[in-house]
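If you read the sequences in order, they're chains A and B. When we follow UniProt numbering, the leftmost residue of the first sequence carries the number 1, and every step to the right adds one. When we follow UniProt numbering, the leftmost residue of the second sequence carries the number 1, and every step to the right adds one. Below: the structure, in structure tokens.
There are 2 protein chains.
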Amino acid sequence: MRDDDVTKPSHLPTIVDVAAEAGVSRATASRALGRYGRTSASTIARVEQAADALGYRPNELARAMRVGVTKTIGLVIIADFTNAFFDRATKAIVDEAKLHGYQVLITNTDEETAIERQAIETLLEKQVDGLIVVPSLSAGYEHLKPAQLGGRPIVLIDRRLDDPPLTSITTDDFAGTREAVRHAISLGHKRLGFLISASSVEGVTDQRPTHLISTVLDRTEGFLQGASDAGIRRNSQHWIFCEDKPKSSEAAVASLLDRPNPPTIIFTSNNDMALAVLKIAGNRRLTIGRDISLVTVDDSQWAAAIVPGITVVARPVEEIGQLAVTKLLAEIAEPGQPIEVVVLPTELITRDSVANLYLQDYRVS
Amino acid sequence: MRDDDVTKPSHLPTIVDVAAEAGVSRATASRALGRYGRTSASTIARVEQAADALGYRPNELARAMRVGVTKTIGLVIIADFTNAFFDRATKAIVDEAKLHGYQVLITNTDEETAIERQAIETLLEKQVDGLIVVPSLSAGYEHLKPAQLGGRPIVLIDRRLDDPPLTSITTDDFAGTREAVRHAISLGHKRLGFLISASSVEGVTDQRPTHLISTVLDRTEGFLQGASDAGIRRNSQHWIFCEDKPKSSEAAVASLLDRPNPPTIIFTSNNDMALAVLKIAGNRRLTIGRDISLVTVDDSQWAAAIVPGITVVARPVEEIGQLAVTKLLAEIAEPGQPIEVVVLPTELITRDSVANLYLQDYRVS
DNA sequence: GACCAATGCGAGATCGTTCTCGCAAACCTT
DNA sequence: AAGGTTTGCGAGAACGATCTCGCATTGGTC
Numbered sequence: 001m002r003d004d005d006v007t008k009p010s011h012l013p014t015i016v017d018v019a020a021e022a023g024v025s026r027a028t029a030s031r032a033l034g035r036y037g038r039t040s041a042s043t044i045a046r047v048e049q050a051a052d053a054l055g056y057r058p059n060e061l062a063r064a065m066r067v068g069v070t071k072t073i074g075l076v077i078i079a080d081f082t083n084a085f086f087d088r089a090t091k092a093i094v095d096e097a098k099l100h101g102y103q104v105l106i107t108n109t110d111e112e113t114a115i116e117r118q119a120i121e122t123l124l125e126k127q128v129d130g131l132i133v134v135p136s137l138s139a140g141y142e143h144l145k146p147a148q149l150g151g152r153p154i155v156l157i158d159r160r161l162d163d164p165p166l167t168s169i170t171t172d173d174f175a176g177t178r179e180a181v182r183h184a185i186s187l188g189h190k191r192l193g194f195l196i197s198a199s200s201v202e203g204v205t206d207q208r209p210t211h212l213i214s215t216v217l218d219r220t221e222g223f224l225q226g227a228s229d230a231g232i233r234r235n236s237q238h239w240i241f242c243e244d245k246p247k248s249s250e251a252a253v254a255s256l257l258d259r260p261n262p263p264t265i266i267f268t269s270n271n272d273m274a275l276a277v278l279k280i281a282g283n284r285r286l287t288i289g290r291d292i293s294l295v296t297v298d299d300s301q302w303a304a305a306i307v308p309g310i311t312v313v314a315r316p317v318e319e320i321g322q323l324a325v326t327k328l329l330a331e332i333a334e335p336g337q338p339i340e341v342v343v344l345p346t347e348l349i350t351r352d353s354v355a356n357l358y359l360q361d362y363r364v365s
Numbered sequence: 001m002r003d004d005d006v007t008k009p010s011h012l013p014t015i016v017d018v019a020a021e022a023g024v025s026r027a028t029a030s031r032a033l034g035r036y037g038r039t040s041a042s043t044i045a046r047v048e049q050a051a052d053a054l055g056y057r058p059n060e061l062a063r064a065m066r067v068g069v070t071k072t073i074g075l076v077i078i079a080d081f082t083n084a085f086f087d088r089a090t091k092a093i094v095d096e097a098k099l100h101g102y103q104v105l106i107t108n109t110d111e112e113t114a115i116e117r118q119a120i121e122t123l124l125e126k127q128v129d130g131l132i133v134v135p136s137l138s139a140g141y142e143h144l145k146p147a148q149l150g151g152r153p154i155v156l157i158d159r160r161l162d163d164p165p166l167t168s169i170t171t172d173d174f175a176g177t178r179e180a181v182r183h184a185i186s187l188g189h190k191r192l193g194f195l196i197s198a199s200s201v202e203g204v205t206d207q208r209p210t211h212l213i214s215t216v217l218d219r220t221e222g223f224l225q226g227a228s229d230a231g232i233r234r235n236s237q238h239w240i241f242c243e244d245k246p247k248s249s250e251a252a253v254a255s256l257l258d259r260p261n262p263p264t265i266i267f268t269s270n271n272d273m274a275l276a277v278l279k280i281a282g283n284r285r286l287t288i289g290r291d292i293s294l295v296t297v298d299d300s301q302w303a304a305a306i307v308p309g310i311t312v313v314a315r316p317v318e319e320i321g322q323l324a325v326t327k328l329l330a331e332i333a334e335p336g337q338p339i340e341v342v343v344l345p346t347e348l349i350t351r352d353s354v355a356n357l358y359l360q361d362y363r364v365s
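Structure representation (structure tokens):
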């Protein structure tokens, strides 16, 4: 470690410094460090010694430019890391990528298409090798078409898209929610409330929005199917669509509860909305799992820990992240993989948030 | 939009293609697009037209190499995005960075120094302009010294470090937890339980570990000070150190509760541990805020929504993230800023998880 | 000793930008 | 009309790596 001939003060050592130190040419130094071509053992040793004497670190930018590969993938996710899904997915993706020697450049759209478009643009300019995106709700997805991506592969998570056909990793939310509804019905619930997140909506509405992201759509259809399978009449189903914000969700819960013949159970399409139910129930001194029941999509630590435990439709979030990365890297390594729409199964985890009405008929109003 | 003269099938358009299309030189095209130097209005128009006819997107790698700036910062965080702190911080950092035209390359160490060192190495090779890191517990921090960083600025969050003196953004956890203890004591609590996260520990122990990260240390000291201020005797303080894992935390809670003269309140040093308390309390049919009280550090959505609401020492997490980014960018823009140790205030948010023992003396065993 | 193959190494091109510099044409100014 | 100044543009170097190619040297074979 010859620390300081202070000839060039800043200026990080480059490969030419290493070459000079070892008394060889740039080419030889590169070959020695990169272990390709033919180099004698002795010069390899000399170059390596020179390299760490100087504290040489290769400039990945230069390398990337030459070889055309950055070993970086871009992740475009909607903003809410507080959302139980996206933080777990992010972690899984970062970890899995690292396992394969990739790093991830992360951006978030706030569910806004303009930002998403911009984010993808920037990522592409930074020459990411591929993209993982959860597409925000939008009319047009032209910016996700292969041509716009400069041939760089992309995989979608959480939500599928029909128009530009793309590989996506999703879950069978239809079956999952249908199962949840069946479970509730088997416990005697007949008046069902559905609290559906719809970012396309302002505030709260009974009207079904024109456009729902696939995840929400599947959940909605699952609820519907489960209910109609059991012969639940349409007027015993309480649908309500609301914006994905605490205020709106809470208003929606309140309005559900204030209806004549209110639901005995509320299904929510994500964790944040489940919290809204908890909050309003708490305000009204209603006990979850007794006075009002609750099932939500996505498991979380708190859902398992609190009393009563919340019954959930659990999705294999980590698996989604891992699969997204492996599929993406496969396509990067060998372009031309078939487009794949992966649908993973969900799991109903029953805890204590749905009351057994057969054991407490007297309580039902 | 002349879509396809299919002369060169792949090969993204570069600036020479744009120049050719516009009938000017590379230099002129660059100048026109980059709006520097002198270029006539008409050629600017022509070049721009050519650029978007071709769908030209600058290669940020090449640009970065030339100008020596990547507009990218590296974030090295410990793994747990599920941890209420780190996911919020990440979001805040990503958002704030975007606001300034920066993107963030994210990696996580699993609280392991070797991984942290490696992660920083990789980030530096990718030529990030600066680093934000939450240092993992470790003996040596040589890899955080300026020399090892090639002069690139760094700011720490969540935890401060004494040895290499570095700019850090932290909170006054000492004062925060002391206030929490005072609050509990004012409500009649005299037997205090402290559940302290210590990643350096295996399982559960009463012995104070040799090394605690600054955050945990401050909280510990704060508890201690609060207790001794009120004259709480040492043998009424129940300390327990445990690994930051669900299993260990739950074991620690159980062991606390099983002591002779068990604590009436448990302070936990993070959210995950608070969940452990909730869980064990639930198993034992103990009601939080009545049979056992709870205060934790860090607010979260669930802590506010559940019944009873959890009293917390809230930290301004988003502000930490924002400040970290602004300080870092300031140093990037103008190196030589003084080292700064920012300590932000916390806020005690009282909800219903700590029982008022003066109103229910009869319940105290 | 002559020929051929194998080996080790260096010169130089390349990736896609930016930016300095100099040159020519156009534009004043007197 | 002659000089100087401005303006617009292009040639070419630079950033820091990789990698092809060819040249010299070595080694082996008959």
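Ideal Cβ positions, reconstructed from N, Cα and C, are used throughout, including at glycine.
When we look at the beta-carbon of A:L212 and count the other beta-carbons within 10 Å, is it buried (16 or more) or exposed?
Its Cβ being crowded by 16 or more others within 10 Å, A:L212 is buried.
Below 7 Å on C-beta distance, what does A:K98 contact in chain B?
Under the 7 Å cutoff, chain B gives T107.
Which stretch, first to last residue, makes up the beta strand (DSSP E) that contains A:I232?
No beta strand (DSSP E) contains A:I232, which DSSP labels as neither H nor E.
Does the segment 51-58 of chain B come into contact with the segment 102-119 of chain A, if we say contact requires no fewer than three beta-carbon pairs (one atom in each stretch) closer than 8 Å?
Flag = no, the segment 51-58 of chain B and the segment 102-119 of chain A do not touch.
7 Å is my cut-off, CB to CB: does A:D218 come that close to chain B?
So, not an interface residue.
Got a sec? Which residues, its chain only, sit under 6 Å from A:F81 by beta carbon, not counting five neighbours each side?
Confidence at A:F81 is low in this model, with a pLDDT of 45, below 50, so the placement of that residue is unreliable and no value is reported for it.
May I ask you to verify whether the segment 19-28 of chain A touches the segment 62-71 of chain A, counting CB pairs closer than 8 Å and requiring at least 3?
The segment 19-28 of chain A vs the segment 62-71 of chain A: no contact.
What does DSSP give as the partner residue(s) for A:G74 in the beta ladder?
DSSP output for A:G74 lists A:L105, A:L131 as bridge partner(s).
Taking 7 Å as the CB-CB cut-off, is A:P316 touching chain B?
With 7 Å as the cut-off, A:P316 does not count as an interface residue toward chain B.
I'd like to confirm the pairing. Which residues does DSSP put opposite B:F241 in its beta bridges?
Note: B:F241 sits in a beta bridge opposite B:I196, B:T205.
Check A:L99 in the structure and name its three-state DSSP category.
Correct three-state label for A:L99: helix.
Quick one: residues in its chain with C-beta nearer than 6 Å to the C-beta of A:P165, no 5 flanking neighbours on either side, listed in chain order?
Taken in chain order, the residues that qualify are I339.
Between A:L176 and A:T346, how many whole angstroms is the CB-CB distance? I'm expecting something under 8 Å.
It is worth fixing the name first, because residue 176 of chain A is Gly in this sequence and not Leu. So it is a contact: roughly 3 Å between Cβ atoms.
Is B:D291 close to chain A, meaning its C-beta is less than 7 Å from at least one C-beta of that chain?
Judged by the 7 Å Cβ criterion, B:D291 is not in contact with chain A.
At least one CB of chain B closer than 7 Å to the CB of A:R66: is that the case?
It does not; no Cβ of chain B falls within 7 Å.
Alpha carbon to alpha carbon, how far is residue 378 of chain B from A:A114?
The structure shown has nothing for residue 378 of chain B, since chain B only spans 1 to 365.
Which residues in chain A have a C-beta closer than 8 Å to the C-beta of B:L124? List them in chain order.
Going along chain A in sequence order, the residues near B:L124 (Cβ under 8 Å) are R57.
Less than 7 Å separating the beta-carbons of A:A252 and A:L294?
No.
How many Å lie between B:A20 and B:N59 at the Cα?
Spanning the two alpha carbons is a distance of roughly 17 Å.
Mind pulling the chain B residues with CB within less than 8 Å of A:G150?
Under the 8 Å cutoff, chain B gives L12, R57.
With a cut-off of 7 Å, does the C-beta of B:I306 fall near any C-beta of chain A?
Yes, its Cβ sits closer than 7 Å to a Cβ of chain A.
Could you tell me the distance, in whole angstroms, from the CA atom of B:T296 to the CA atom of B:N271?
So the two alpha carbons sit approximately 6 Å from each other.
Counting Cβ pairs closer than 8 Å, one from the segment 173-190 of chain A and one from the segment 220-234 of chain A, do we hit at least three?
Enough Cβ pairs lie closer than 8 Å, so yes.
Going by CA-CA distance only, name the one from A:P135, A:K91, A:K126, A:D298 that's closest to A:S269.
That would be A:D298, whose Cα lies nearest to the Cα of A:S269.
With 7 Å as the threshold, decide whether the Cβ of residue 366 of chain A is near any Cβ in chain B.
In the structure displayed, chain A extends from 1 to 365; residue 366 of chain A sits before or after that span and is not available.
From the DSSP secondary-structure annotation, give me the bridge partner or partners of B:A314.
In the DSSP output, where bridge partners are listed per residue, B:A314 has B:E347.
Kindly indicate which three-state DSSP category A:L257 falls into: helix, strand or coil?
If DSSP states are grouped into helix, strand and coil, A:L257 belongs with the helices.
Taking only heavy atoms of the ligand FAD into account, decide whether any of them is closer than 6 Å to the Cβ of B:I213.
The model on display carries no ligand, and the ligand FAD is accordingly not part of it.
Is there a Cβ from chain A that is less than 7 Å from the Cβ of B:D298?
No, because no Cβ of chain A sits closer than 7 Å to the Cβ of B:D298.
Near A:V18, which residues of its chain fall below 7 Å by C-beta distance, leaving aside the five closest residues on each side in sequence?
Around A:V18: A29, V47, A50, A51, L54, Y56.
Once the 5 residues before and after A:Q148 are set aside, which same chain residues still bring their CB inside 7 Å of it?
The answer, listed in chain order, is E142.
Go to A:I339, then tell me how far its beta strand (DSSP E) extends in each direction, as first and last residue.
Note, A:I339: premise wrong, no beta strand (DSSP E); not H, not E.
With a cut-off of 8 Å, do at least 3 Cβ pairs link the segment 257-267 of chain A to the segment 197-215 of chain A?
Counting Cβ pairs under 8 Å, fewer than three are found: no touch.
For B:G203 versus B:E250, is the C-beta spacing smaller than 7 Å?
Not closer than 7 Å, so no.
Residues of chain B with CB under 8 Å from A:W239, in chain order?
In chain order: nothing, as chain B lies at least about 23 Å away.
Does chain B have any CB closer than 7 Å to the CB of A:Q118?
Not one chain B Cβ lies under 7 Å of A:Q118.
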